[in-house]
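Notes to accompany the following structure.
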Amino acid sequence: MAVLCCWGLAGGALAQTRQLEGVVAIVDDDIILASEYQDRMRQVTENLARQKIEMPPQEVLARQVLDRLILERIQLRMGDRAGVRISDEQLNEALTNMARQNGASLEQFRAQIEADGGSYAAVREQVRQEMILSRVQQGNVRNRVQVTEQEVDDYLASEEGQKRTAAVYHIGHLLLPLATDATMEQERAAMAYMEGLRSRLASGTAFERFMRAPDKTPYAFTGGDLGWRLAGDLPSVFLETVPALETGAISAPVRSASGLHLVKLFEKRGGSGQMTQQTRVRHILIKPSEVRSDAQAQQLATQLRARVLAGEDFATLAREFSEDIGSAREGGDLGWTSAGQMVPEFEQAMNQTGAGEISAPVRSSFGWHVLQVEERRTQDLSDEMKRNQARNILFGQKYDDELNTWLQKIRDEAFVEIKI
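Be aware that the sequence shown starts at -16, since it is given in this note's numbering, and climbs by one per residue.
If you want it as structure tokens, here you go:
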């Protein structure tokens, strides 16, 4: 690792930096100021305290923070040399998504930051840098990671693979307590009541509301949300009932030693019988650039949509104008897509566009899209989804390993002089 302890080895230009105060490290031809280091130490300390995580020894924390700043500086310089830029539109979109995840608008998000004594401008710059770091890392690491079909097969055959790709169920239940020695008449009355209740709670979120706050009834109900459970972790009384339910369905009353249960399957992931709606879609992508503003990109997308509606061929226009190189040569054809494959804005517009229709221009982080939805189908993608899930797990594991190797490599190759 190129870490030097004396200024003389740094060369004449760097030696002049002696005159500067508050420098904690030199990284190639850049410096890290004490103020940056102190700000990051404060942020990390506050985050650890907020999350109630035990603080490491001060010397360890200080070294980790400085190492992180050094690696960030190296990568930001790489991004600058490679011409990686984050536009204001892309940055605003990322911040809007952050705000939405916190249940707020962008303006509310900004107001909350400032109310907490923070700087919105500093947050914007931090997010911009994180986006650059992500692009630099993906550009240098992603192509190094390969997952073979044999690796997928081996993973699915392993104990870990079978467990992580098995079906998991998000369920809730209501229990009408009924003693095991209840009379036949009591059993019949309770069963009839539960059948009626099942019908009343079948629509919308009625089951969830009743689960949280039962209406006045002749019976004292208990129960609640049981969260996500693997099949093997389901209560034994539900083992046969839950796997047979469709998502959103409520079971017939189930008898146990405790009484009568109604079980609702809120959601299911993994396992077999994964019926998934797919959409075959084409698109034309128009990107803002240094010579085309965002408004001009939107205007061109609108004009292309009008030409399609006037009778021109979508595929021909996609080949001529679309800036998605991969699909443009195919006339904009993206093939069959499933939920989660596209960015949220694209997927929402696709889902709201009928088969055979053309969407209005929609903005995503990539630019402006015009969509042509060709057809829809429902497919059982159980095996494909399992393989994709396994492939993603393996890719993530390999990516993390390769990223750490790459980070160590660029650190070793950089000139770094630590001044504290």
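Think of the CB as a built atom: it goes at the ideal place given N, C-alpha and C, for glycine as much as any other residue.
Annotation for R212: the continuous beta strand (DSSP E) segment containing it runs 205 to 213. Taking a cut-off of 8 angstroms on C-beta distances, the region 227 to 246 does not touch the region 279 to 291, as fewer than three cross pairs fall below it. Distance check between E385 and each of L184, A278, Q129 places Q129 closest, using alpha-carbon atoms only. Between the region 198 to 216 and the region 147 to 163 there are three or more inter-stretch CB-CB distances shorter than 8 angstroms, so the stretches are counted as touching. Assigned with DSSP and collapsed to three states, P160 falls in strand. Note that the region 91 to 109 does not touch the region 328 to 343; fewer than 3 beta-carbon pairs, one per stretch, sit closer than 8 angstroms.
DSSP places D316 in no alpha helix (DSSP H) but in the uninterrupted beta strand (DSSP E) bounded by 316 to 320.
In terms of Cα proximity to L390, the closest of E330, E37, R56 is R56. K392 is bridged by DSSP to nothing; it lacks a bridge partner.
When the five nearest sequence neighbours on each side are left out, the beta carbons in the same chain lying within less than 6 angstroms of the beta carbon of Q261 are those of W319, S321, R360, Q362, in order along the chain. By the 16-neighbour rule on beta-carbons within 10 angstroms, V274 is exposed.
Between E357 and R265 a beta carbon distance of about 7 angstroms is seen, short of the 8 angstroms cut, so the two are scored as contacting. If the five residues before and after E170 are omitted, its C-beta is found closer than 8 angstroms to the C-beta atoms of L161, all from its own chain and listed in chain order. Taking a cut-off of 8 angstroms on C-beta distances, the region 176 to 183 touches the region 229 to 248, as three or more cross pairs fall below it. Residue state for K369 is assigned as helix, using DSSP reduced to three classes. In chain order, G155, F190, I233 place their CB closer than 6 angstroms to the CB of K247, counting only its own chain and leaving out the 5 sequence neighbours on each side. In this structure D13 touches R60 by the C-beta definition: roughly 6 angstroms separates them, less than 8 angstroms. Short of 6 angstroms from the beta carbon of V124, and not among the five residues preceding or following it, lie these beta carbons of its own chain, in chain order: E385, L386, W389.
Secondary structure of A45 (DSSP, three-state): helix. The three-state reading of DSSP puts A77 in helix, counting H, G and I together. In this model, G350 and T79 are separated by some 16 angstroms (Cα to Cα). Around the beta-carbon of I269, 16 or more other beta-carbon atoms lie within 10 Å, marking it buried.
Looking from the CA of A45, the closest CA among Q21, D99, S88, E132 belongs to Q21. Counting along the chain, D13 sits inside the beta strand (DSSP E) bounded by residues 13 to 16. In this structure, DSSP gives R265 an extended state, which the three-state scheme calls strand. For F349, the three-state secondary structure derived from DSSP is coil.
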